[in-house]
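So for the sequence shown, this note's numbering puts the first residue at 206; every next one is plus one.
Note that CB positions come from ideal geometry on N, CA and C, so glycine has one too.
Here the structure comes first, spelled out in structure tokens, and everything after it is commentary.
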Amino acid sequence: MAQQVNEWLIALAVAFIRPLSLSLLLPLLKSGSLGSAILRNGVLMSLTFPILPIIYQQKIMMHIGKDYSWLGLVTGEVIIGFLIGFCAAVPFWAVDMAGFLLDTLRGATMGTIFNSTIEAETSLFGLLFSQFLCVIFFISGGMEFILNILYESYQYLPPGRTLLFDQ
């Protein structure tokens, strides 16, 4: 029983890495926009549960030895999560910069405020455009699209495999 619980906890830890690294770049899942880190981790845990049985069946523990081979597994998962998060965050950064450019052109650069979505100071139009994009993102099914990409990444790049695209 203890061995099985240990295997499930390792599978949970491995499954949690990719969504966590995705959330570090995606402005919608940062702790500033969700309120706190505990709430963000709860949301990420709920995103991890559908993947958990698949990772448990892959027997990740066989890939993890006592010679720090797990470090390659963690690094690969973080890189994949960062790549997905970067691709998803680019429109939010672009919209914020477009608003900042408009405020610069109209001479209102002194009126910067703190934007909790991207956790940085932004201009008034940058905040307006960012919030407008967040609404459009959720209404048009953008979060479902990001989750589909996240879940399909486990099919194309399963944990414990190399990041070589030679298949």
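Beta-carbon gap between residue i and residue j smaller than 7 Å
i: Arg-223; j: Ile-285; result: yes
i: Val-300; j: Phe-254; result: no
i: Gly-331; j: Phe-305; result: yes
i: Pro-364; j: Val-210; result: no
i: Ala-294; j: Leu-231; result: yes
i: Ser-228; j: Leu-234; result: yes
i: Phe-287; j: Ser-345; result: no
Same chain, Cβ closer than 7 Å to residue i, neighbours up to 5 away in sequence not counted
i: Val-279; result: Ile-222
i: Glu-349; result: none
i: Tyr-359; result: Ile-256 and Ile-259
i: Ala-303; result: Phe-334
i: Leu-307; result: Phe-330
i: Trp-213; result: Tyr-261
Other residues of its chain near residue i: CB distance less than 6 Å, five sequence neighbours each side excluded
i: Leu-362; result: Ile-285
i: Gln-336; result: none
Nearest-angstrom Cβ-Cβ length linking residue i and residue j, presumed shorter than 8 Å
i: Ile-354; j: Ile-289; result: 6 Å
i: Ala-216; j: Tyr-273; result: At roughly 19 Å, the Cβ-Cβ gap does not stay under 8 Å, so Ala-216 and Tyr-273 are not in contact.
i: Leu-252; j: Phe-297; result: Leu-252 to Phe-297, Cβ: 19 Å. No contact.
Other residues of its chain near residue i: CB distance less than 8 Å, five sequence neighbours each side excluded
i: Met-250; result: Phe-221
i: Thr-309; result: Ser-328
Heavy atom of the ligand COA within 6 Å of residue i beta-carbon
i: Gly-304; result: Of the ligands one can find in the structure shown there are none, so the ligand COA has no counterpart to examine.
Write down every uninterrupted run of the alpha helix (DSSP H) in the segment 271-316 whose length is 4 residues or greater and which is fully enclosed by it, in chain order. Those alpha helix (DSSP H) runs which fall completely within the segment 271-316 and span 4+ residues are 275-310.
Unbroken beta strand (DSSP E) runs of length 3 or more, entirely within the segment 329-369: which are they? none
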